[in-house]
Amino acid sequence: MEFQKSQLQAIQHGTGPAMVLAGPGSGKTLVITHRIQHLIEQKHVRPGEILVITFTRAAAGEMSARFQKLAGMQSQVTFGTFHSVFFYILKLAYHYNASNIAGEEQCRKFLCEAVKMLELDVPDEGEFVSGILEEISSIKNDRLNLEHYYSKNCSEEIFMKLYREYENRLRRENLVDFDDMLSMTLELLEQRQDILAVWQKKFKYILIDEFQDINRVQYEVIRLLAKPENNLFIVGDDDQSIYRFRGARPEIMLGFEQDYPGAARYLLDVNFRCSGEIVAAAGRLISQNRSRFDKDIRTLNRQGAPVSVREFKDAQEEASWILNRSAEYIRQGIPPEEIAVLYRTSNVPRQLVSRLIETNRPFQMREVFPNLFEHWIAKDIISYIRMSRGDRQRSTFLKIMNRPNRYLSRELLANSELTDFELLKELLGEKDWMVQRIEDLERQLSLMGRMAPFAAVNYIRKGIGYEDYIREYAAYRRMKPEELMEVLDALQESARECGTAEEWFRYMENYGEELRKQAADKQKQREGIVLSTMHAAKGLEYAVVFIMDADEKIAPHSKAVLEADVEEERRLFYVAVTRAKQKLHICWVKKCYGKEMEPSRFIDEIMN
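Be aware that the sequence shown starts at 1, since it is given in this note's numbering, and climbs by one per residue.
If you want it as structure tokens, here you go:
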């Protein structure tokens, strides 16, 4: 096999620390597997002394399979994820087994029960719990002081109670979560030099893939294990570090040479995937980041078509164009599975999904796609609409009873499955101001009943005061109200073409049914054009890539305020750009939900 000079240098690295900067499509897996072979066959290292760490079980399995095919036999090399390797260490030290690991669903269950125990009113419980679990993970992985932690999701008092109840529940059940595996391994190796020495002797050569995604605790454990020889061979691309929200710390890779003075550095500077135009465009984009290793990535591929940038008046026009253009590529012989539509957030492509469903075009999704109409805000709005059409189910009324707050008690409906407004007014007796609230609601529902869905949603937002409730709730949850308003905008837009509530409900049902089929039909998931978030597309490649909604406040996201956040957004866009092998189309819309939009700054950086 013929290697590039930089690949061969990395493969033949001797002893001591080394950092391999592997740009997109540069053959890093090839380098790692041949490096292992070189250590065994040329340096006579025993296979059992080699540890190879990846970030996912799938990647570990693929790496192992690639090496075994190369070596032509089973080997004693250890391939695993951080969690699997660290748990093996804990297992031998503390006699843990699989029953001691709290899975993701179990952790969510414990936290959901803590939310209920504290009687917290959070309509978006699923998102809230996910946010709290991310924060707990961050505290453990960055070894933060809980007493001085400022929560992103709720008040410090509530967060502290949730954290402690969650931890107490784990201990009562004799369980550890995935983050405990890391922190407990670090504590064990720091405190027990005898155990540390055993593992240092076993793993004399350590290779780590996707090193840019490492977190603080993982790095501290690896540093201990690698001593004293420090035969640490790290492979990654700081320009593709896109998981800070999961605890990844790109600054660790940037500081590697300070931690290991004299470490060798190898740059895999040939992109074997992308055309010359795409490589040049990606280089112009990522060069705007300050916190990075400077690289000059080149390609051996032909120059290729120029990167295309198109503006559209709105999402409907954008979706239509992407559908028509992708159909042209398919007619030209490009398989649909080689065409990908990438977007920053999963709420972006709803118009495209609707058009795909309407035209019966096969498509596949890289991850579970959230159904807008199952969002708690959508359920509130739908409940209002249903009540305006005569629905008096207790469950329907409970959803909207205090949104906005009417100071009504659930006890008023304790003895009935139906809502009787006259009875409610009787129960309220002489509380005239409360009776007035019920009468106001009756009048509002009567007015709404004569409106088309689009106007009805607007009336709920502005006339009834639902937006005021959203602002109050956003403050309680320490969110930007704009995040929740976007759900309202998308919901109202979906109703624009529907003349009646029944027509709108049928649209929702058809849309939801298609998403359920997508999730259930594994065979279909491998057919049709690919829809994916930029995050989920990492590591993949396609002949043609469309990037949707490259607008300011979408990419970069409105949450990106600090320079470090903007740089991460730019890295994410860089990942999206470098998924394209031959053709890259970047799209932006001039108007979204009636608001004027601006093209993403990343477009200028790519084109100039």
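Glycine included, each C-beta is placed from N, C-alpha and C at the ideal position.
| Asked | Found |
| --- | --- |
| Using 8 Å as the threshold, is the C-beta distance between D179 and Q212 below it? | no |
| Would L232 and W199 be called neighbours here (beta carbons separated by less than 8 Å)? | no |
| For the putative contact between R410 and T396, defined by C-beta atoms under 8 Å, what is the C-beta separation to the nearest angstrom? | Their Cβ separation, rounded to whole angstroms, is 14 Å, which puts R410 and T396 out of contact at 8 Å. |
| If you check the beta carbons only, do P599 and E311 fall under 8 Å apart? | yes |
| Among the candidates R361, L51, K590, R223, whose CA atom is the shortest distance from the CA of E318? | K590 |
| Note down the Cα distance separating P404 from L111, rounded to an integer number of angstroms. | 27 Å |
| Any idea what DSSP makes of Y466, helix, strand or coil? | helix |
| Buried or exposed, going by whether 16 or more other CB atoms sit within 10 Å of the CB of S416? | exposed |
| Taking the Cβ atom as the reference point for each residue, do A18 and A264 lie within a distance shorter than 8 Å? | yes |
| Taking just the CA atoms, how far does H34 sit from R614? | Outside the shown range of the chain (1 to 608) lies residue 614, about which nothing can therefore be said. |
| Say whether the region 330 to 340 touches the region 450 to 459, bearing in mind that this needs 3 or more beta-carbon pairs closer than 8 Å, one atom from each stretch. | no |
| Using only alpha-carbon positions, find the residue among G499, E338, A282, N289 that is nearest to P306. | A282 |
| According to DSSP, which residues form a beta bridge with I529? | F363 |
| My guess is that Y542 and I339 are in contact by the Cβ rule of under 8 Å, so how many angstroms apart are they, rounded? | 6 Å |
| Beta-carbon separation of R292 and R216 under 8 Å? | no |
| Using CA atoms only, rank isn't needed, just tell me which of I101, V279, L352, L418 is closest to N301. | V279 |
| How many Å lie between V129 and Y166 at the Cα? | 11 Å |
| Return the first residue and the last residue of the alpha helix (DSSP H) that L491 is part of. | 481 to 494 |
| Tell me the rounded alpha-carbon separation between E187 and G48. | 25 Å |
| State the start and end residues of the unbroken alpha helix (DSSP H) segment that holds D107. | Checking the displayed sequence, the identity of residue 107 turns out to be Cys instead of Asp. 104 to 117 is the extent of the alpha helix (DSSP H) around C107. |
| Let's see if you can read the secondary structure: which residues bound the beta strand (DSSP E) around G236? | 232 to 236 |
| Identify whether M184 lies in helix, strand or coil by the three-state DSSP scheme. | helix |
| Does F79 pass the burial test, meaning 16 or more other C-beta atoms within 10 Å, or should it be called exposed? | buried |
| What's the gap between the Cα of H375 and the Cα of R290? | 38 Å |
| Tell me which residues share the same chain as R108 and place their Cβ nearer than 6 Å to its Cβ, disregarding the 5 neighbours each side in the sequence. | V129 |
| Within the same chain, show all residues whose beta-carbon is closer than 8 Å to that of I139, passing over the 5 residues directly before and after it, in chain order. | L146, Y149, Y163 |
| Can you tell me whether DSSP reads M508 as helix, strand or coil? | helix |
| Taking DSSP's pairing of strands, which residues face V20 in a bridge? | V235, Y266 |
| Is the beta carbon of M534 sitting closer than 8 Å to the one on R249? | no |
| Does DSSP classify N324 as helix, strand or coil? | helix |
| Which same chain residues, not among the five before or five after S75, have their C-beta less than 6 Å away from its C-beta? | P47 |
| Would you mind sorting W433 into buried or exposed? The rule is 16 or more other CB atoms within 10 Å of its CB. | exposed |
| The beta strand (DSSP E) spanning Y163 covers which residue range? | Not the beta strand (DSSP E): Y163 falls in the alpha helix (DSSP H), residues 156 to 172. |
| Put L408 into one of helix, strand or coil per three-state DSSP. | coil |
| Using the beta-carbon count (16 or more within 10 Å), is K480 buried or exposed? | exposed |
| Does the Cβ-Cβ distance between V348 and M548 come in under 8 Å? | yes |
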